[in-house]
Amino acid sequence: MSVSKRPGAMEDENLGQYFRLQYGERLLDLSLSPAGEEAVSSSTFIRLLEKKKEARLVHRAMEGQKETFKRKMEALTLRWEELAAKELQLKAHIQKFEQFVQENDQKRIRALKKASKERELKKQRGQELAKARQEMALLKQEDLLLSRQLQDYSIFNKYLEKVVENSEESRWAHIQNTAAKKTLLLGTIKMATLNLFQIVSKQLKETTSVPVEDTHKQLDLVRGRGTSAASPGRAEGGPEVGGASGRSPPSRPRRSSSTSRTWRTSGPS
Numbered sequence: 001m002s003v004s005k006r007p008g009a010m011e012d013e014n015l016g017q018y019f020r021l022q023y024g025e026r027l028l029d030l031s032l033s034p035a036g037e038e039a040v041s042s043s044t045f046i047r048l049l050e051k052k053k054e055a056r057l058v059h060r061a062m063e064g065q066k067e068t069f070k071r072k073m074e075a076l077t078l079r080w081e082e083l084a085a086k087e088l089q090l091k092a093h094i095q096k097f098e099q100f101v102q103e104n105d106q107k108r109i110r111a112l113k114k115a116s117k118e119r120e121l122k123k124q125r126g127q128e129l130a131k132a133r134q135e136m137a138l139l140k141q142e143d144l145l146l147s148r149q150l151q152d153y154s155i156f157n158k159y160l161e162k163v164v165e166n167s168e169e170s171r172w173a174h175i176q177n178t179a180a181k182k183t184l185l186l187g188t189i190k191m192a193t194l195n196l197f198q199i200v201s202k203q204l205k206e207t208t209s210v211p212v213e214d215t216h217k218q219l220d221l222v223r224g225r226g227t228s229a230a231s232p233g234r235a236e237g238g239p240e241v242g243g244a245s246g247r248s249p250p251s252r253p254r255r256s257s258s259t260s261r262t263w264r265t266s267g268p269s
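The sequence shown: position 55 = 55 (full-length UniProt numbering), numbered continuously.
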């Protein structure tokens with residue numbers, strides 16, 4: 001908003017225009033009245049007086065209207081200043097509004113960009129979700145297939161468990177049988193050694209206190225006494241003693257084995 005002219009500059013121009021419009025014709029009649037006429041009638045003189053009176057009244061009216069117009073112009077000047085101040089305020093408000101609109105446009109652009117990114121992200125998440133669902137469906141199918149295979153292979157698992165169980169049982173039975181055989185053989189050897197020791201002691205007519213459980217000492221005594229008994233047998237020329245004791249020590253295990261067979265045969269009776 002702008003004003004082309006100030007109120008002070010318009011005052012004289014408007015005042016002159018006002019008087020010309022209101023009293024122009026009357027003033028023109030006064031200026032054109034015949035002042036140089038020598039013979040003025042009484043009616044003309046009275047008319048002139050009336051015109052002067054009217055002119056004074058017009059002047060007074062003009063002064064009053066001029067004062068009124070002056071007051072109006074002062075009011076208009078004050079109003080003009082108020083309008084100028086309001087114009088400045090309006091410009092400031094317009095500037096703030098334009099700045100506000102610009103900021104709103106920037107916010108709107110940022111919001112549109114954010115919404116676009118969110119739509120893209122939502123679309124991407126939707127694609128990822130669809131892909132994950134497909135993968136889950138494939139995994140479920142694979143799990144179902146593996147479950148069926150596991151169910152089919154469970155037969156072999158049970159079979160292998162039975163095989164392992166049977167093999168452990170057979171192995172344990174084999175160990176028990178082997179241990180029993182070794183124990184029986186050890187007992188047989190101990191009994192044969194004891195019988196041999198008693199026979200040798202009886203033939204030599206010697207009494208030796210040897211524990212029944214000490215098999216190693218019995219074997220040592222049998223070997224020693226067998227060697228000492230071989231020499232008298234050869235000197236006397238006895239066939240039985242020489243035949244029995246003239247053998248080398250390695251032949252004694254055969255005698256012990258025969259003795260053990262005799263013990264095993266006679267043991268149960």
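Beta carbons are placed, not taken as given, at the ideal position from N, Cα and C, and that holds for glycine.
Count the other CB atoms within 10 Å of the CB of Q218; is the residue buried (16 or more) or exposed (fewer)?
Here residue 218 corresponds to residue number 218 of the sequence shown, with the count starting at 1. Label assigned to Q218: buried.
I'd like to check one pair, T215 with T183: are the Cβ atoms closer than 8 Å?
Sequence index remark: in the sequence shown, residue 183 carries index 183 (1-based). Sequence index remark: in the sequence shown, residue 215 carries index 215 (1-based). No.
DSSP state of K205 mapped onto helix, strand, coil
As a position in the sequence shown, residue 205 is number 205, starting the count at 1. Assigned with DSSP and collapsed to three states, K205 falls in coil, not helix or strand.
Any idea if V163 is buried or exposed, counting beta-carbon neighbours within 10 angstroms, 16 or more meaning buried?
On the sequence shown, position 163 is the one that residue 163 refers to. Label assigned to V163: exposed.
Below 8 Å between beta carbons: does that hold for L186 and V222?
Taking the sequence shown and counting its residues from 1, the one referred to as residue 186 is at position 186. Taking the sequence shown and counting its residues from 1, the one referred to as residue 222 is at position 222. In this structure, L186 lies away from V222, with their beta-carbon atoms at least 8 Å apart.
Taking the beta carbon of V101 as the centre, do at least 16 other beta carbons fall within 10 Å, making it buried, or is it exposed?
Walking along the sequence shown from the start, residue 101 turns up at place 101. When all chains shown are included, V101 counts as exposed.
Length of the line joining the Cα atoms of K53 and S43:
Within the sequence shown, the letter at position 53 stands for residue 53. Within the sequence shown, the letter at position 43 stands for residue 43. For K53 and S43, the gap between their C-alpha atoms comes out near 15 Å.
Using a Cβ-Cβ cut-off of 7 Å (strictly less than) and excluding sequence neighbours within five positions of E120, which residues of its own chain qualify?
Within the sequence shown, residue 120 is the residue found at index 120, counting from 1. Taken in chain order, the list of residues that qualify is empty.
How many Å lie between E63 and A55 at the Cα?
Indexing the sequence shown from 1 puts residue 63 at position 63. Indexing the sequence shown from 1 puts residue 55 at position 55. Using only the alpha carbons, I get a separation of about 12 Å.
Give the DSSP-derived three-state secondary structure of D214 in the structure shown.
Within the sequence shown, numbered from 1, the residue matching residue 214 stands at position 214. DSSP places D214 in coil when its eight states are reduced to three.
E135 to R125 span [Cα, whole Å]
Here residue 135 is taken as the residue at index 135 of the sequence shown, counted from 1. Here residue 125 is taken as the residue at index 125 of the sequence shown, counted from 1. Distance from the CA of E135 to the CA of R125, rounded to the nearest whole angstrom, comes to 15 Å.
What separation, rounded to the nearest whole angstrom, lies between the Cα atoms of Q127 and R133?
Within the sequence shown, residue 127 is the residue found at index 127, counting from 1. Within the sequence shown, residue 133 is the residue found at index 133, counting from 1. Counting only the Cα atoms, R133 lies some 10 Å from Q127.
Mind checking V212: buried by the 16 CB within 10 Å criterion, or exposed?
To locate residue 212, count along the sequence shown from 1; it is residue 212. Flag for V212 reads exposed.
Can you tell me the Cα-Cα spacing of L76 and E50, whole angstroms?
Within the sequence shown, numbered from 1, the residue matching residue 76 stands at position 76. Within the sequence shown, numbered from 1, the residue matching residue 50 stands at position 50. E50 has its alpha-carbon roughly 37 Å from the corresponding atom of L76.
Rounded to whole angstroms, what's the CA-CA distance from D105 to W80? Just pull it up for me.
In the sequence shown, counting from the first residue as 1, residue 105 sits at position 105. In the sequence shown, counting from the first residue as 1, residue 80 sits at position 80. Roughly 36 Å between the two C-alpha positions.
Just how far apart, CA to CA, sit L138 and L112?
Within the sequence shown, residue 138 is the residue found at index 138, counting from 1. Within the sequence shown, residue 112 is the residue found at index 112, counting from 1. Just so you know, the alpha carbons of L138 and L112 end up roughly 39 Å apart.
Quick one: Cα of I109 to Cα of E98, how far?
As a first step, residue 109 is located in the sequence shown; it is residue number 109 there, counting from the start. As a first step, residue 98 is located in the sequence shown; it is residue number 98 there, counting from the start. Between the alpha carbons of I109 and E98 lies a gap of roughly 16 Å.
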